[in-house]
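Just so it is clear: in the sequence shown, position 67 is 66 by this note's numbering, and no numbers are missing.
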Amino acid sequence: FGTDGIQLLSLTSGVDFIHEINYLPDGTILAVGAVNEHFGLIRFNSDLSLDASFGTGGVVESDFGAGQHAHTWTMHPDGTLLVAGGSQLAKYNLDGTLDTSFGTDGHVSNGHTNSILSVAVQPDGKILAAGHSNTDFRVSRYYPDGTLDQNFSFNAGSRGGEDRATGVYPLEDGDFLLVGGGDVNYYNSDNHRFSAKRISVSGSTETNFNHDFGNNHKVNRSLELPDGKILMVGRLDGDFLISRIHRDGSLDTSFGDSGKTRIPVLNGDDYAQGVSLQPDGKILLVGKSHNGSNWDLSIARLSYDGQLDTALDGDGKLSISLSGNEDGYAVLSMTDGTILIAGRTGNDIALVRLLGDSNQDGLA
């Protein structure tokens with residue numbers, strides 16, 4: 000793959016990066032992030048070549064305004080793609096064209112949520128867009144055609160600092176679980192908590208859990224597991240941090256060390272920024288680690304119960320230096336057993352592929 004397992008993609012003369020990546024039902028791979036510093040989508044074939052049937056040569060660039068980057072995506076039940084980031088929620092057909100029946104020309108500008116970090120479709124077809132507005136949790140709800148549901152509103156400050164909802168998970172009764180946390184504030188330890196809230200169909204908070212793991216921690220991403228539990232990942236005082244909660248928001252103390260696992264990758268700061276699950280149930284974490292001079296890509300692998308898997312590089316963690324400062328935003332377990340890390344190096348997309356279980360510390 001690439002050169003010694005590393006492929007750098009400079010799609011444009013501007014800023015390109017991948018923030019989230021996953022398989023589509025047909026076996027192709029969709030990545031979202033930035034293309035030329037705009038809202039970007041990229042589709043790869045299973046061999047990681049660009050899929051020429053999508054957009055222009057496998058790439059879609061949507062200019063929704065300066066600084067509007069795609070952060071996350073999900074499949075809509077009708078087979079289209081919901082992509083969100085910044086203040087934008089957009090709906091695309093599978094060929095990369097905007098679904099112009101949605102919102103205005105295929106997208107809506109979310110006036111309530113300044114930065115959308117998670118999107119989900121409720122059982123009734125309404126769309127939840129969660130993130131933050133200024134320094135507070137924020138969720139907006141849309142009808143299937145992109146019209147804002149004026150009967151719903153959720154806006155809440157939780158920790159006193161910058162609060163961000165990083166995941167929204169619809170429940171069967173119309174309620175939903177909102178997860179996230181407060182930003183860093185060394186001078187007020189009350190700000191450093193992972194949060195989970197059950198929100199009613201009308202937007203009121205029914206239950207609220209704040210999980211305090213110590214000073215200086217932050218949630219960057221979350222993932223719903225097949226059993227309904229949810230992983231929350233980020234950092235704790237300069238190390239990778241992963242926690243698991245039950246679907247009611249309470250801490251799953253059977254995971255790791257009483258509900259959490261802390262992972263120092265290098266001696267400098269480590270930030271976990273992406274998470275995915277292997278078919279065998281092992282958990283992949285990806286992010287960045289400071290080597291004393293600049294930032295490297297970094298990855299860790301854990302068992303389903305939160306213990307480091309030493310089959311990965313002997314101690315369950317690995318850092319990879321490319322050409323300067325790198326960010327690992329997303330990680331994907333490939334169907335051939337390899338592991339794909341996606342993110343950025345400088346202004347370009349960085350893709351790194353690791354070999355399978357027989358040699359997890361090798362580059363593919």
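Here a beta-carbon is modelled for each residue, glycine too, at the ideal position from N, C-alpha and C.
Cβ of residue i within 8 Å of Cβ of residue j?
{"i": "W72", "j": "V138", "result": "no"}
{"i": "S86", "j": "G166", "result": "no"}
{"i": "S318", "j": "N290", "result": "yes"}
{"i": "D350", "j": "L23", "result": "The amino acid occupying residue 350 in the given sequence is Leu; Asp does not appear at that position. Contact: no."}
{"i": "V218", "j": "S275", "result": "no"}
{"i": "S322", "j": "G345", "result": "yes"}
{"i": "N113", "j": "L88", "result": "no"}
{"i": "G105", "j": "L93", "result": "no"}
{"i": "L40", "j": "L49", "result": "no"}
{"i": "G180", "j": "R243", "result": "no"}
{"i": "A164", "j": "A119", "result": "no"}
{"i": "A310", "j": "V264", "result": "no"}
{"i": "A271", "j": "L240", "result": "yes"}
{"i": "G288", "j": "D269", "result": "Per the sequence shown, residue 288 should be read as Ser rather than Gly. Result yes, Cβ atoms of S288 and D269 sit closer than 8 Å."}
{"i": "L301", "j": "I340", "result": "no"}
{"i": "R220", "j": "G273", "result": "yes"}
Between which two residues does the beta strand (DSSP E) containing residue i stretch?
{"i": "P169", "result": "D162 to P169"}
{"i": "D295", "result": "W294 to L301"}
{"i": "D148", "result": "Looking at the DSSP string, D148 is not in any beta strand (DSSP E), and its letter there is neither H nor E."}
{"i": "R197", "result": "R192 to I198"}
{"i": "T204", "result": "T204 to D211"}
{"i": "H70", "result": "Taken as a continuous stretch (DSSP letters only), H70 belongs to no beta strand (DSSP E), as it is neither H nor E."}
{"i": "M333", "result": "Note, M333: premise wrong, no beta strand (DSSP E); not H, not E."}
{"i": "T260", "result": "K259 to I262"}
{"i": "H106", "result": "H106 to S108"}
{"i": "H289", "result": "I282 to H289"}
{"i": "R246", "result": "No beta strand (DSSP E) contains R246, which DSSP labels as neither H nor E."}
{"i": "D269", "result": "D269 to L276"}
{"i": "G84", "result": "L80 to G84"}
{"i": "H131", "result": "I126 to S132"}
{"i": "N219", "result": "H216 to E223"}
{"i": "F136", "result": "D135 to Y141"}
Kindly list the residues whose CB is nearer than 8 Å to the CB of residue i, restricted to its own chain and excluding five residues on each side of it in sequence; keep chain order.
{"i": "I198", "result": "V138, F153, D174, F175, L176, L177, T204 and E205"}
Just to check my reading of the structure: residue i and residue j have Cβ atoms closer than 8 Å, yes? What is that Cβ distance to the nearest angstrom?
{"i": "L10", "j": "I348", "result": "7 Å"}
{"i": "T334", "j": "S45", "result": "7 Å"}
{"i": "R246", "j": "G258", "result": "No, R246 and G258 are not in contact; Cβ-Cβ is about 14 Å, not under 8 Å."}
{"i": "G57", "j": "R42", "result": "5 Å"}
{"i": "S61", "j": "H37", "result": "6 Å"}
Can you tell which of the options has the C-alpha that lies nearest to the C-alpha of residue i?
{"i": "G237", "options": "N266, V58, D135 and F16", "result": "N266"}
{"i": "T103", "options": "S242, H131 and G145", "result": "G145"}
{"i": "L47", "options": "G1, P122, Q67 and K316", "result": "G1"}
{"i": "V107", "options": "G130, L81, G26 and H245", "result": "L81"}
{"i": "D308", "options": "N324, Y328, S292 and L284", "result": "L284"}
{"i": "G78", "options": "D269, E36, D25 and I340", "result": "D25"}
{"i": "H131", "options": "N293, D162, S332 and G280", "result": "D162"}
{"i": "T55", "options": "N21, G95 and A33", "result": "G95"}
{"i": "S332", "options": "K281, N207 and T99", "result": "K281"}
{"i": "H70", "options": "S292, E19, Y91 and D123", "result": "E19"}
{"i": "D135", "options": "Y328, Y142, I115 and Y303", "result": "I115"}
{"i": "F53", "options": "H68, N21, Y91 and V200", "result": "Y91"}
{"i": "F208", "options": "E171, L250, A51 and L224", "result": "L250"}
{"i": "P76", "options": "A83, I126 and V59", "result": "I126"}
{"i": "F101", "options": "H68, Y142, Q277 and T27", "result": "Y142"}
{"i": "N385", "options": "D279, N293, M231 and L222", "result": "With the chain covering only 0 through 363, there is no way to say anything about residue 385."}
{"i": "L224", "options": "K316, L147, D172 and P278", "result": "P278"}
So, at 6 Å on beta carbons, what are the nonlocal neighbours of residue i in its own chain, with the 5 sequence-adjacent residues on each side left out?
{"i": "R343", "result": "F16, D326 and A349"}
{"i": "I169", "result": "This sequence places Pro at residue 169; Ile is not what is there. Contacts found: A119, Q121 and F175."}
{"i": "D211", "result": "R192"}
{"i": "V14", "result": "A33, E36 and N346"}
{"i": "S357", "result": "Confidence in S357 is poor, its pLDDT being 47 and thus under 50, which makes the residue's placement unreliable; the coordinate value appears in the next sentence. Cβ neighbours of S357 beyond the five flanking positions: none."}
For residue i, which residues in the same chain have their Cβ closer than 7 Å to its Cβ, ignoring the five residues on either side in sequence?
{"i": "G66", "result": "G85"}
{"i": "G202", "result": "F151, S152 and F153"}
{"i": "R234", "result": "H216, K217, L240, D269, Y270 and A271"}
Report yes if the C-beta of residue i is less than 7 Å from at least one heavy atom of the ligand MG; otherwise report no.
{"i": "L283", "result": "No copy of the ligand MG appears in this structure; indeed no ligand is present at all."}
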